[in-house]
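Protein sequences appear in the order of chains A, B, C and D.
Heads up, the first sequence is in this note's numbering, so the first residue is 60 and it goes up one at a time.
Heads up, the second sequence is in this note's numbering, so the first residue is 60 and it goes up one at a time.
Heads up, the third sequence is in this note's numbering, so the first residue is 60 and it goes up one at a time.
Heads up, the fourth sequence is in this note's numbering, so the first residue is 60 and it goes up one at a time.
Protein chains: 4
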Amino acid sequence: ASIPLAEFEKIESTLSITVVGASGDLAKKKIFPALFALFYEDCLPEDFSVFGYARTKLTDEELRNMISQTLTCRIDKKENCEDKMDQFLKRCFYQSGQYNSEEHFAELDSKLKEKEAGKLSNRLFYLSIPPNIFVDVVRCASLRASSANGWTRVIVEKPFGRDAESSGDLTRSFKKYLTEDQIFRIDHYLGKELVENLSVLRFSNLVFEPLWSRNYIRNVQFIFSEDFGTEGRGGYFDNYGIIRDIMQNHLLQILALFAMETPVSLDAEDIRNEKVKVLRSMKPLLLEDVIVGQYKGHSKGGKSYPAYTDDPTVPKGSLTPTFAAAALFINNARWDGVPFLMKAGKALHTKRAEIRVQFRHVPGNLFKRNFGTDLDKATNELVLRVQPDEAIYLRINNKVPGLGMRLDRSDLNLLYRARYPREIPDAYERLLLDAIEGERRLFIRSDELDAAWALFTPLLRDLEEKKIVPELYPYGSRGPVGAHYLAAKYNVRWGDLSGEDS
Amino acid sequence: ASIPLAEFEKIESTLSITVVGASGDLAKKKIFPALFALFYEDCLPEDFSVFGYARTKLTDEELRNMISQTLTCRIDKKENCEDKMDQFLKRCFYQSGQYNSEEHFAELDSKLKEKEAGKLSNRLFYLSIPPNIFVDVVRCASLRASSANGWTRVIVEKPFGRDAESSGDLTRSFKKYLTEDQIFRIDHYLGKELVENLSVLRFSNLVFEPLWSRNYIRNVQFIFSEDFGTEGRGGYFDNYGIIRDIMQNHLLQILALFAMETPVSLDAEDIRNEKVKVLRSMKPLLLEDVIVGQYKGHSKGGKSYPAYTDDPTVPKGSLTPTFAAAALFINNARWDGVPFLMKAGKALHTKRAEIRVQFRHVPGNLFKRNFGTDLDKATNELVLRVQPDEAIYLRINNKVPGLGMRLDRSDLNLLYRARYPREIPDAYERLLLDAIEGERRLFIRSDELDAAWALFTPLLRDLEEKKIVPELYPYGSRGPVGAHYLAAKYNVRWGDLSGEDS
Amino acid sequence: ASIPLAEFEKIESTLSITVVGASGDLAKKKIFPALFALFYEDCLPEDFSVFGYARTKLTDEELRNMISQTLTCRIDKKENCEDKMDQFLKRCFYQSGQYNSEEHFAELDSKLKEKEAGKLSNRLFYLSIPPNIFVDVVRCASLRASSANGWTRVIVEKPFGRDAESSGDLTRSFKKYLTEDQIFRIDHYLGKELVENLSVLRFSNLVFEPLWSRNYIRNVQFIFSEDFGTEGRGGYFDNYGIIRDIMQNHLLQILALFAMETPVSLDAEDIRNEKVKVLRSMKPLLLEDVIVGQYKGHSKGGKSYPAYTDDPTVPKGSLTPTFAAAALFINNARWDGVPFLMKAGKALHTKRAEIRVQFRHVPGNLFKRNFGTDLDKATNELVLRVQPDEAIYLRINNKVPGLGMRLDRSDLNLLYRARYPREIPDAYERLLLDAIEGERRLFIRSDELDAAWALFTPLLRDLEEKKIVPELYPYGSRGPVGAHYLAAKYNVRWGDLSGEDS
Amino acid sequence: ASIPLAEFEKIESTLSITVVGASGDLAKKKIFPALFALFYEDCLPEDFSVFGYARTKLTDEELRNMISQTLTCRIDKKENCEDKMDQFLKRCFYQSGQYNSEEHFAELDSKLKEKEAGKLSNRLFYLSIPPNIFVDVVRCASLRASSANGWTRVIVEKPFGRDAESSGDLTRSFKKYLTEDQIFRIDHYLGKELVENLSVLRFSNLVFEPLWSRNYIRNVQFIFSEDFGTEGRGGYFDNYGIIRDIMQNHLLQILALFAMETPVSLDAEDIRNEKVKVLRSMKPLLLEDVIVGQYKGHSKGGKSYPAYTDDPTVPKGSLTPTFAAAALFINNARWDGVPFLMKAGKALHTKRAEIRVQFRHVPGNLFKRNFGTDLDKATNELVLRVQPDEAIYLRINNKVPGLGMRLDRSDLNLLYRARYPREIPDAYERLLLDAIEGERRLFIRSDELDAAWALFTPLLRDLEEKKIVPELYPYGSRGPVGAHYLAAKYNVRWGDLSGEDS
């Protein structure tokens, strides 16, 4: 680990990680593999155990079998992989129980104590379970399975409520059993490599410093698209919709990191203070600054793709948006008047997550005539591609080599894959490690969450009360055209749909 | 051609290009091939002739033979190359004569008239001859071989004198026979692709605009190095030395383009006005801001390399510098206090020409601890590599992918060869075409030349009067260490000698 | 009042202000007059009472007599003054008691209840007492005299401890009885008109925005001087010294307001968050960046002035500084490298408090020759004079009218007295009103106080442990010359000692 | 004089100033008094003579009588005034002659030679005559009365033609007899104290540097108004109109000085180079960006004021504008998009000439609610009042002293009269002295004049060809309301018509 655990802690203390909801998909695909990766990289303390907890009855061995199917070793360090896997699996244990049974958590506590063998014990609970049982588990774990002499931390993942009110309720319920310090709300997008890099880029490079404001930036775009639909798993999604699922958390978190003022230090509290300031400076979203869409069935090349409402797990006639675009504004000195556009959708033509920063036109441009009238094409653009293929590129105008004076746009380009051939760790690894180490930078504080919901709740209520019908768009298309009209309203052109990029 | 010749001109007028000094090296290696390349690219008017003029007696055929040996076709357009060469060579003619004989030039005039056949005739003279006969040729050509009804232009190449006085004399002599409009002083570095691109980069990209000043730039370096010595051809060089040969013209011209204010238009006069302003804002060079070097013999890997003074064409005990480094300052609002460093040398370890812009440190850097104490390594740098392998790259700090927070420098990179696979035209092509088309942007005006000499003349006089002994450096080395002390005096570190680049 | 009290509150609630330490000087000179002024201006709620509390035995009438001697009416509203005074005095009552007697405070509670007559009651305690009894009073008041149904607030004035440790102890003791919300730590300098105006100037005037950073500001000076010494009242002072008395609180608070980033709103918490950030960005003071002085006796014009140590209340051989100058640095992006100088002293030649902002030199100044070599005289300076005679002026260079080109410095000037002929309210009025209205902007939060002590405590410890001997300066002089050497070390020239201002 | 004449020149050379058109109004009211003031201030060389030349027959004595009636002494140096007047008058001589008679100028030459007595002679001709005889006088003076051994200079005042063509003709005619160096085209507005000060303010004060661009300036206004009409002297005016009389020269010159880039030095050629660049960067004026007006008769307070067309010297039905407002744009990097508004008129309610710089709104203003919705009132404004009562003031927002937070606009103010009690020299003094000393900074070069006419000529042609009828406005009013609509089109509010200033 980059921040080495103190020698003392390594020897004398013990860590147990309990994955609550161990038999679920996320646990299998992401959490256990991430824990193994951390172990493989020597990032876990010497004395640790991993517990699965779920209602299903399993033996330790059955859990280990289940886990072992998804473990992989880092591409670049293949050796001893099998040994490492064996060692890891030996540290995995299982406890079955109801999620609301204090008694069963007391049983878990006994098992934990057994492994801890009287040492200073730190306990991490990862809640990989549906939100309706969050509070039950927190209650039981806190009352019956807290560490007596070390720390106890709980990782939860979204959804954190459906609106300001339900989120507030959830927080208040948590706080009956946990302090703010013990709650680690994950937004796994904050663990992405390029999102982590955002602060480094901004604050350690002088060349970006003067550019990062309304004086130079014309608009900023946060774009998330998936090239598949709900595909038979729309039950959960339909209750939330794309705005709650992607925008209000992932994209808004990235926006806050992008737009925040320089923090006084890189400590978690200082960064989160600045993020809250950005969120509080924003205008709540209005219905007129949002458009929503839903994908419909589509046939292409002999293959046919289903509509969202064809998904059997989705209620007939559902109005839940599978696509949304929104224009947001930050009413502070740095960003006054700059549109921050968001766009998120399922079943689109591509899979992508990126930040696009479009710069202003050069005033009094000497070269205007060389570009013809489409000045939008001639402005600089900084693109941070979060996935796939992490990259940073800055589009600049340059002269085409050759006689005469013809201008062209080229990219000053940094493709991670080319520069850093090692595998990039999964976001879950980073986040788990941070939670173990008590580093809260990438987790969401209660007041951040409140501020985020405050922005989106009026809009969500409006959408639902007015039964706004989403604009249909074909599965695999570029989404509803309404997104263009929304952009045009603020003199923006989506950067991901220009000819060169698509 | 990018700027198409008017239809009228194509049909009714005729162009003759007379290469005076046709049997010389430059003519053979650069000028005739460049003329052929222009012809091959359809950039010459329909009706043109090329004349060689020199003292040697040659037939047209002999000239053609000589020329044909250096003609090549563009890599990416090989077809019909042979045909094109034949067509070109048929337009080449020869006239022998003395350089100071008006009579011989009158003979040339007759031949020219014959080819022009009464059409509107434009005449371009390229003076590929030693400077001591410039004025003779200008006189003869002007008095006896000027066009009667079209334009007459004369291209000259450096050296334009040895100091302010001799340069002034030369200009005054030219002006007896030619107007300013007729004189095209070539600095072939101005025809380099990346030098041409400099104005495009600066003035058509908003992202560079705020950076281009003392507020963000810590220093700028202009670096020229050759990996060979005079090698038996030091006779001309010894009379001039590296400062006159490279710095006072090539590097200073690039500096002026780099540092000038935004011109009111891209017209030649407007750009040259701004370049003159920069030169006039500079402090004349002092001896204490310059160091000079000379290469000495060196053996490496069983091979031995000669000293400069081993060159039989170089006078024994010559003090002529083959290397120089200098710190210059522009005393205006944009650049006050920013060191502009120049370095030029022969017989160094590498062949390279580049501009390096080192940006300031980030104030109050949050990430300071991540870099250790060597803050010079952590600043941003913009590099414009003029040759070899034209490229632009911007060094930025970013997070190394992986767990933990480790910073690293990467390049946002644009390598011309990768982006523009076509062959990049030689500087001479561009300059010849511009002279034909009357585009003066890349040629040096008299007042520019005066201002350039005003900066360097006191230094050159000092060096010679005080018989300053150059610091010896081994052939093939990185040059004299004095260059580092000079840089250190102004808190600069040469960017080309850091570990990563060498 | 500008922020009108809700109608409801005016009618139904009652306010009592208890001045603990009612017989002291501050109470008589500042607090009661300020309360009267608020009453006179209709800023107090309709139903209010003022209680004096002290150990002395007094009747209500005696208290009223005592108070009435210092009441004055605003210059510009003389009418009905006598009536108003009578009305005010009728609302004043007295209760004697020990400061550590819960019983006596219970008696006070009874009296308060009597006046409150069952209405919603808000209670404000003003602790005008020595710091050693702060905690006793807070305990007694909190336990026995808190409001049962309204708010209870306590105003305290410095000293808040002598160093980080004692200040932390005090805060912890307060927090046993009071929440952060109930504690109003006064720094009466924050109530000064020009200090209040500082945020308005910075954040509502675009012209100051680009200037407010290291790019334009060369240094900032915070200057406080008194033209009298301790004059027989040095007992308290000697225990603290000028650094604790003026710098660590008044000047540092003004510095924080001056230098803070734009807050997200003008709410108290947002402003105080930003102030804490500035304080946390500062380097703790080092001995080498401070000089201390002490005044010595002096005779002038037949009159003789005593030395500090001539004061009979001062211990013989006291090393307590009566003068100090310090250089502070804020290690953030805005202020990196800009010296913030402070200077505070007693028994100097003038009485003054001001902020002086010295701007950088014009780069590449065209007019350099017109100023001769003393470039320090030619830079712009913004002066905010806090007292006496509040004024803002901006020194600019302009051409002296007349033939020829001679430059001169003039002031763009705003003298409050000329522009706003009304009397400016005393700082205590503003602060009392804010405390009544729950406006915390001008009060110091615990974490601010901690950060402030963290900066000064190492220095104070050093001074005392190393028994640093202060440089002596004559009573009525401009202070020790050491202050000039300290300034010179950072290329600063004190703005208040140039010829034109003294 | 500030720039002392060389000792040599004082002793050995002689200066004669010939006022051609000596009996005219301008000569009597401005030129002779200005010459006397220069003499009084010891700014003239020791050996000088003043000649009057006109068609009227006068003796030297009659000229002296005529002159003496308008001579006055500087307020602050009254002593010896009578003596000085006598000395001055003794140096004044008269020569009558026709303006187109070479013979008469030869007679003048004889008289000049007589006074020059064989010394090195410098001759200045001031052409105080109608423009139709400019060329005649220049021809005669140049051919017959040029100095043989010193310099000969000619001062002319507008009008310099009526449009690009006639101005070009005039320049070409001048250049037949004079070099550019000998022509001194006066724009007496350039001699005004505050106009002179403009460059000092801009370039010697760092605080203005960042503000002087589109990033901070919302618009700039150049306002000229007279409170009287043509009053029986409209003959000349009617042929030109307010646009040619005031805008195309006075206001445009000031605009160019205001907006130019930093010159490389303060030398005349460098400043004039930059002014030409500004003019060349401007878009020619379109009819739609201009409104014209003409005053009509009006009765007020029992007094009646005539219409422009009531003036007997004005042709019936004249469409000549006596008022115009225009919006101009500078298409360069500094000013792209910033409206530069001009307004000039006769017979308005006030007499005034000023530059008003309105700054942008504060982005994300924290204080917005404190200003209500009229944000135009809350922005900063810099006013340079050229006449009457020279002053500079900067309007800033500040807090109104007192409890509560109420904002207000105050002025940081510099009133020349208060700061510099000495009389400010007349513009003519400065200009005459500069012409004598060869200082060309305040005179207009031929290419400047061409560029100025290029901007206005299309508009003037349009106005005349389309017979645009001016909007009538009452004598003594604030001018036509059309000026407001023009301003509103570019989101501007005239600064001189807000409540506070009128």
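Just so it is clear, CB atoms sit at the ideal spot from N, CA and C, and this is done for glycine as well.
The model shown is predicted, which means the values in this text are computed figures rather than measured ones.
Please report the straight-line C-alpha distance between residue i and residue j, rounded to a whole angstrom.
i        : j        : result
Pro92/B  : Ile126/B : 8 Å
Glu66/D  : Val323/D : Caution applies to Glu66/D, whose pLDDT of 45 falls short of 50 and renders its modelled position unreliable; the value that the coordinates give is listed next. Distance between the alpha carbons of Glu66/D and Val323/D is about 30 Å.
Asp564/C : Phe281/C : Past the edges of chain C, shown from 60 to 561, lies residue 564/C, and the structure says nothing about it.
Ser284/A : Arg331/A : 27 Å
Gly396/B : Tyr248/B : 27 Å
Tyr452/B : Arg444/B : 8 Å
Ile62/A  : Pro484/A : Any reading at Ile62/A must be qualified, since the residue scores a pLDDT of 41, below 50, and its modelled position is unreliable; the value itself is stated next. Looking at the two C-alpha atoms, the distance is approximately 16 Å.
Name, in chain order, the residues that DSSP records as bridge partners for residue i.
i        : result
Lys355/D : Pro533/D
Met341/C : Ile389/C
Ser272/D : Its beta-bridge partners do not exist; DSSP assigns none.
Ser160/B : According to DSSP, Ser160/B bridges with nothing at all.
Val215/D : Leu186/D, Arg244/D
Ile282/C : Lys402/C, Glu413/C
Compare the beta carbon distance of residue i and residue j with 8 Å and say whether it is the shorter of the two.
i        : j        : result
Pro269/D : Pro269/C : yes
Asp467/D : Arg454/D : no
Leu519/B : Ile302/B : yes
Asp348/A : Ala403/A : no
Phe426/C : Val259/D : yes
Val197/D : Leu237/D : yes
Counting pairs of beta carbons, one from the region 239-254 of chain C and one from the region 213-220 of chain C, are three or more of them closer than 8 Å?
yes
Are the region 493-507 of chain B and the region 344-362 of chain B in contact at 8 Å, needing three or more beta carbon pairs?
-> no
Chain B contacts from the region 348-361 of chain C (Cβ-Cβ distance under 8 Å) | none
Open item on the list: Three or more C-beta pairs under 8 Å: does that hold for the region 365-376 of chain B against the region 251-261 of chain B?
Closed with: no
Name, going along the chain, the residues of the region 314-327 of chain A whose beta-carbon falls closer than 8 Å to a beta-carbon of chain C.
Glu320, Thr321, Val323, Ser324
Anything in the region 481-497 of chain A with a Cβ closer than 8 Å to a Cβ of chain B? List those residues in chain order, please.
Arg481, Ile483, Pro484, Glu488, Arg489, Leu492
Residues within the region 271-282 of chain A neighbouring chain D, beta-carbon criterion of under 8 Å: Arg273, Asn274
Report task. Using a Cβ-Cβ cut-off of less than 7 Å, give me the residues of the region 373-393 of chain B that come near chain C, in sequence order. Result -> Asn390, Asn391, Ala392
Worksheet item: If we count Cβ pairs, one from each stretch, closer than 8 Å, do we get three or more for the region 149-164 of chain A versus the region 111-120 of chain A?
Response: yes
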